[in-house]
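Read through the structure below, which is laid out as structure tokens, and then see the notes.
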Amino acid sequence: MAELTALHTLTAQMKREGIRRLLVLSGEEGWCFDHALKLRDALPGDWLWISPQPVAENHCFPSALQTLLGREFRHAVFDARHGFDAAAFAALSGTLKAGSWLVLLLPVWEEWENQPDADSLRWSDCPDPIATPHFVQHLKRVLTANNDAILWRQNQQFSLAHFAPRTDWHPATGAPQPEQQQLLQQLLTMPPGVAAVTAARGRGKSALAGQLISRIAGSAIVTAPAKAATDVLAQFAGEKFRLLHRMPC
Numbered sequence: 001m002a003e004l005t006a007l008h009t010l011t012a013q014m015k016r017e018g019i020r021r022l023l024v025l026s027g028e029e030g031w032c033f034d035h036a037l038k039l040r041d042a043l044p045g046d047w048l049w050i051s052p053q054p055v056a057e058n059h060c061f062p063s064a065l066q067t068l069l070g071r072e073f074r075h076a077v078f079d080a081r082h083g084f085d086a087a088a089f090a091a092l093s094g095t096l097k098a099g100s101w102l103v104l105l106l107p108v109w110e111e112w113e114n115q116p117d118a119d120s121l122r123w124s125d126c127p128d129p130i131a132t133p134h135f136v137q138h139l140k141r142v143l144t145a146n147n148d149a150i151l152w153r154q155n156q157q158f159s160l161a162h163f164a165p166r167t168d169w170h171p172a173t174g175a176p177q178p179e180q181q182q183l184l185q186q187l188l189t190m191p192p193g194v195a196a197v198t199a200a201r202g203r204g205k206s207a208l209a210g211q212l213i214s215r216i217a218g219s220a221i222v223t224a225p226a227k228a229a230t231d232v233l234a235q236f237a238g239e240k241f242r243l244l245h246r247m248p249c
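Per full-length UniProt numbering, residue 1 is the first one in the sequence shown, and the count goes up by one each step.
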């Protein structure tokens, strides 16, 4: 497919420039699924698949995505054909490595806002799924107005915009970034007490925690919802990180 060739070329450019990009597949269920599989086969990567149903090998339910925070993946699919969990979608975006695609599967574009959203059962008082037309219409406006996102609709001519080259990206070497270095200095010199570090997903909080552990005198206790959530932290903490399994009650 000419479309896959063009996307393969763009993926190489994204990797050089450290760019993550959203690719929307909107159409009938079979069409979306087949095209997502073709992308997975054409572009090497982890291809984490977020869906209410386990339809792929590297699968995760939206409700379990929080257990993956702190880990990194190359390419992911978010299946929103039957419901859009906005919190899970935001969390997934923070797990992607530079040069990755976030593939969003959506219903037929013209029918989307009238379709019941299964995720509404999580927050609505209604016993059955309800349509969320205002949210969907807003999201459609955002997607169509975003020049960096790619919208691929069934029965529509696929058009890939030209993305001007950017300065090459240099991956992290393990040394703190300037903002991390500033925070590390403050944390290492602060008196005993409580410190809270906040930032958006994917901004390097796990790396910062690992860097702090590698530099402090003595030891630190780290708690996490799952071992996988400490992978990045452990990488930066180095030999000072040791896993202690939780003992049964």
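Even for Gly, the Cβ is constructed at its ideal location relative to N, Cα and C.
DSSP has residue i in a bridge; who is on the other side?
i, result
"H59", "W49"
"F78", "I50 and L104"
"S26", "L106 and R153"
If you count every other CB in all the chains shown that lies within 10 Å of the CB of residue i, and 16 or more means buried, which is it?
i, result
"T99", "The question names Thr, but residue 99 in the sequence shown is Gly. Buried."
"R166", "exposed"
"R215", "exposed"
"L96", "buried"
"D117", "buried"
"L244", "exposed"
"V197", "exposed"
"L160", "exposed"
"G218", "exposed"
With a CB to CB cut of under 6 Å and the five nearest residues on each side skipped, what residues in its chain are close to residue i?
i, result
"F89", "F78"
"W31", "Q154"
One question on the structure: do residue i and residue j come within less than 8 Å of each other, judged by their Cβ atoms?
i, j, result
"G45", "H75", "yes"
"F84", "D125", "no"
"L25", "A36", "yes"
"W47", "V55", "no"
"L188", "Q211", "no"
"T9", "A229", "no"
"E17", "D168", "yes"
"R201", "G27", "no"
"L65", "L92", "yes"
"S206", "V232", "yes"
Compute the beta-carbon to beta-carbon distance between residue i and residue j, rounded to the nearest angstrom, for a pair I have assumed lies under 8 Å.
i, j, result
"L106", "A80", "6 Å"
"V136", "W109", "At roughly 10 Å, the Cβ-Cβ gap does not stay under 8 Å, so V136 and W109 are not in contact."
"P129", "L139", "Their Cβ separation, rounded to whole angstroms, is 17 Å, which puts P129 and L139 out of contact at 8 Å."
Closer than 8 Å by C-beta to residue i: which residues in its own chain qualify, once you throw out the five before and the five after it? Chain order, please.
i, result
"K38", "M1 and L4"
By Cβ distance, which residues of its chain are closer than 7 Å to residue i, with the 5 residues on each side in sequence left out?
i, result
"G193", "none"
"N58", "D46, W47, L48 and W49"
"M14", "R21 and G99"
"L143", "V24, A149 and L151"
"A6", "L160"
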